[in-house]
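In what follows, a structure is listed as structure tokens, so that the remarks can point back to it.
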Amino acid sequence: MTRQRRYLAIVFVMLSLLVIALGRRAWADTEPLMHEALVVSLAMENNPQMAIADKRVEQARARAAVAEEAYELAQEHRRRVEAL
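Heads up: the sequence shown begins at 13 in our numbering, then just goes up one per residue.
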């Protein structure tokens with residue numbers, strides 16, 4: 013390797029390191045495009061698994077409400093039968 017090639021290789025490496033360092037510094041100084049809360053809300057909004065889980069929760073709550081109503085009706089019926 014000639015002296016000129018070695019010099020050019022060293023200059024190239026140094027310039028590359030300078031560009032990387034300046035890029036990191038500039039990236040660290042900028043504000044993030046999205047904050048964590050925004051990312052989480054967007055992920056939950058557009059996530060089909062979350063939508064399915066929400067539907068399952070709604071169905072479970074509906075079944076629980078029906079079961080509670082049936083229990084109350086059964087208790088009322090039991091009181092009426094005991095009153096006879």
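For glycine and all other residues, C-beta sits at the position ideal for the given N, C-alpha and C.
Bounds of the alpha helix (DSSP H) holding H89 are 60-95. For M26, the secondary structure class from DSSP, reduced to helix, strand or coil, is helix. In the structure shown, the three-state DSSP call for M56 is helix. Annotation: E81 to L45 spans about 49 Å, alpha carbon to alpha carbon.
Taking the Cα positions, R91 is about 41 Å away from I64.
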